[in-house]
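*Asks:* Numbering (the working numbering), first residue to last: 321 to 742.
Idealized CB from N, CA, C, for every residue including glycine.
Keep in mind it's a predicted model, so treat the numbers as computed, not measured.
Quick one: the structure is below, and I'll ask about it shortly.
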Amino acid sequence: MSVAADTSVRDEEITAFFSADPETIAWPYPMYDRWRQGSGVVRWHGGPATLITRYADVKDVMAGKYPIKQNAYRWGELAEGTISRLPAEQHEVFFKVLDFESHFLSRKEGDEHQRLRRIAARAFTARRMELLRESVQRHVDDLIEEMQGQPQPDIKLHLANKLPVRVIVDLIGVPQSDRELIWEWSEAVGRLFSLDEKSLREADEAIDAFRDYVGETVQKVRRTGEGPELAKLMLDSREEEVMTEDELVATYLLILFGGSETTTNLLGNGFLDLQRHRDQWDLLRDNPDLVAGAMDELMRYDSPHHYLPRVVDQDFELHGTTLKAGQTAIIVMGAANRDERKFDDPDRLDVTRANKREHLSLAFGAHHCLGAALARLEGDVVFSTLLRRFPEARLLDDQPAYAGSAMLRAIQALPTDLGPPA
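Written as structure tokens, this is what we have:
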């Protein structure tokens, strides 16, 4: 069967997926299996876009082996389609917000990306992350105590949603009095690509407010040398490379939004999957030394982030399919992580899997997630604590609803009977 004929029969289900049809996004893995058949390169006419679904190909894209770039909203099919759906009066604010977003580390390429990553990495060394373990444990204990006081404890609402935010605002040095406001701003920016007038306006206002807020921090650090550790590390004049003010604001927002969403989904999905696979829960309960490594299998099995849109920079061919400059290419990590060519028995959750750390949920190569060690640390502390303190915890509903996004694997709620404390 030709690629063109093969993709045509899939268009309806692909459209349902990217439209976040509740039944489709609830468990997309059988659909991903179909996408990986044939060449594994699937043209979605309804997008339009080309889906890249096999492990080796997704990894190669992430490694920069193909002329595919990060900024899909800057030019090409996706950008043109996005702009065409916006009223003319919204174009100015859209491009203003997009100009700011271009400062995100995740949007940079080449030398600029390497420069910003070297600076940001000062705050994310393995040693610095491990020093956070005590404070992460304290936050987990506090949240569990609060959860136990709720009429209906909920692992997602009362623990997974809240912990990453608390850890991140500690990391960037936000005073307790400002934390709710900071989170509101980061959520507003995260809703940018909802592409409605209200979301665009709120994203624009949030960026301006956050720029002013961080600007005060920048001036304090430059004037006195005092301030949040993260800002001091990135503005250290003793170093050859420092961030501009806009770059620091963008990095703060990226850490807030990216650092919390990924970990929140790891915690929620991981708890659900361990409950559904009780043998794995029991194995971790009886072998606590396996918990830290299990985070990678949980991310492989049910990725917190399922796909990323990219733009083709110049014409090239992949497995007989021509991708043309300007076309949208979507790399589907959720499908790649279940590729039987890479992982034996990929639909089985196995926390002892030898190559579990080779999943692509945290990207690969130059754009590998800067906060990967922090996400693993938070997961380790949360699951170690739950397994130790509540070994008989049981989900009250193991078929939860998902938030309206195909990109982010976000469970809405996980009401739980914690059982008797150990």
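Mapping DSSP to helix, strand and coil, what is Tyr-722?
*Replies:* In this structure, Tyr-722 counts as strand in the three-state DSSP scheme.
*Asks:* At the level of alpha carbons, what is the spacing between Arg-442 and Val-489?
*Replies:* If I take the Cα positions, the gap works out to 17 Å.
*Asks:* Measure the alpha-carbon distance for Pro-471 versus Val-361 and round it to whole angstroms.
*Replies:* When rounded, the distance between both Cα atoms is 48 Å.
*Asks:* Taking Cβ to Cβ, would you say Tyr-349 is nearer than 8 Å to Asp-667?
*Replies:* For Tyr-349 and Asp-667, yes; Cβs fall inside 8 Å.
*Asks:* Identify every residue that forms a DSSP beta bridge with Phe-444.
*Replies:* Its beta-bridge partners do not exist; DSSP assigns none.
*Asks:* Please list, in chain order, all residues of the same chain as Thr-641 whose beta carbon is under 8 Å from its beta carbon, the five residues on each side excluded.
*Replies:* Result list for Thr-641: Val-323, Ser-359, Val-361, Arg-363 and Thr-370, in chain order.
*Asks:* Short of 6 Å in beta carbon distance, which residues of its chain neighbour Gly-590, apart from the five on each side in sequence? Order them along the chain.
*Replies:* Taken in chain order, the residues that qualify are Leu-618.
*Asks:* Assign Gly-739 to one of two classes, buried (16 or more other C-beta atoms within 10 Å of its C-beta) or exposed (fewer than that).
*Replies:* Burial call: exposed.
*Asks:* Quick one: using the 10 Å Cβ neighbour count with 16 as the cut-off for buried, is Arg-598 buried or exposed?
*Replies:* Under this definition Arg-598 is an exposed residue.
*Asks:* Once DSSP output is grouped into helix, strand and coil, what is the label at Val-671?
*Replies:* Note: Val-671 maps to coil in three-state DSSP.
*Asks:* To which residues of the same chain is Asn-585 closer than 6 Å at the C-beta, ignoring the five residues directly before and after it?
*Replies:* So the qualifying residues of the chain are Pro-624, Arg-729 and Ala-730.
*Asks:* List the whole-angstrom C-beta distance separating Val-541 from Gly-547, where the pair is believed to meet the contact cut-off of C-beta under 8 Å.
*Replies:* Right, the Cβ-Cβ distance comes to about 4 Å (below 8 Å), so this counts as a contact.
*Asks:* Checking 8 Å against the spacing of the C-beta atoms, do Ile-527 and Val-538 come in under that value?
*Replies:* It is not a contact, given that the beta carbons lie outside the stated cut-off.
*Asks:* Taking DSSP as the reference, what is the three-state secondary structure of Val-538?
*Replies:* Reduced to three states, the DSSP call for Val-538 is helix.
*Asks:* From Lys-476 to Gln-634, what does the alpha carbon distance come to, in whole angstroms?
*Replies:* Rounded to the nearest angstrom, the two C-alpha atoms are 43 Å apart.
*Asks:* Is any heavy atom in the ligand ZN found nearer than 7 Å to the beta carbon of Pro-387?
*Replies:* Among the ligands in the structure shown, none appear at all, so the ligand ZN cannot be discussed.
*Asks:* Just the C-alpha distance for Thr-344 and Ala-336, rounded to the nearest angstrom, thanks.
*Replies:* C-alpha separation (whole angstroms): 7 Å.
*Asks:* Excluding the 5 residues flanking Glu-522 on each side, which residues of the same chain have their C-beta closer than 6 Å to its C-beta?
*Replies:* Excluding positions up to five away in sequence, the list reads Ala-508.
*Asks:* Might you give, ordered along the chain, the residues of its own chain that have their beta carbon closer than 8 Å to the beta carbon of Gln-732, omitting 5 neighbours on each side?
*Replies:* The residues are Lys-476, Pro-720, Ala-721, Tyr-722 and Ala-723.
*Asks:* Is Leu-743 helix, strand or coil by DSSP?
*Replies:* With the chain covering only 321 through 742, there is no way to say anything about residue 743.
*Asks:* In the DSSP output, which residue or residues are listed as bridge partners for His-411?
*Replies:* None, per the DSSP bridge assignment.
*Asks:* Is the number of C-beta pairs between the stretch 376-386 and the stretch 652-669 that are closer than 8 Å three or more?
*Replies:* Yes: at least three Cβ pairs fall under 8 Å.
*Asks:* Contact check, Leu-587 vs Val-702 under 8 Å by CB: the rounded distance?
*Replies:* So it is a contact: roughly 6 Å between Cβ atoms.
*Asks:* Going by C-alpha distance, which of Glu-500, Ile-492 and Met-554 is nearest Ser-482?
*Replies:* The amino acid at residue 482 is misidentified as Ser; the sequence shows Lys. If we check each option's Cα against that of Lys-482, Glu-500 comes out closest.
*Asks:* Do the CB positions of Leu-463 and Leu-479 come within less than 8 Å of each other?
*Replies:* Yes. Within cutoff.
*Asks:* Do you know offhand how far Asp-700's Cα is from Ala-612's?
*Replies:* Cα to Cα, the separation comes out at about 5 Å.
*Asks:* With 16 as the cutoff for other CB atoms within 10 Å, does Asn-607 come out buried or exposed?
*Replies:* Looking at its Cβ environment, which holds fewer than 16 other Cβ atoms inside 10 Å, Asn-607 is exposed.
*Asks:* Do Gln-468 and Arg-630 come within 8 Å of each other at the CB atom, strictly closer than that value?
*Replies:* Not a contact, by the Cβ cut-off of 8 Å.
*Asks:* Under 8 Å, do Ala-726 and His-626 count as touching if we go by C-beta distance?
*Replies:* Contact flag set, yes.
*Asks:* Report yes if the CB atom of Ser-426 is closer than 8 Å to the CB atom of Leu-574, and no otherwise.
*Replies:* Yes. Within cutoff.
*Asks:* Check whether the stretch 671-682 touches the stretch 417-432, taking contact to mean three or more Cβ pairs, one atom from each stretch, closer than 8 Å.
*Replies:* Result no; under three Cβ-Cβ pairs closer than 8 Å.
*Asks:* Could you tell me if Arg-543 is buried or exposed, where buried requires 16 or more neighbouring beta carbons within 10 angstroms of its beta carbon?
*Replies:* It counts as exposed.
*Asks:* Do Ile-372 and Val-562 come within 8 Å of each other at the CB atom, strictly closer than that value?
*Replies:* Cβ distance not < 8 Å, so Val-562 and Ile-372 don't count as in contact.
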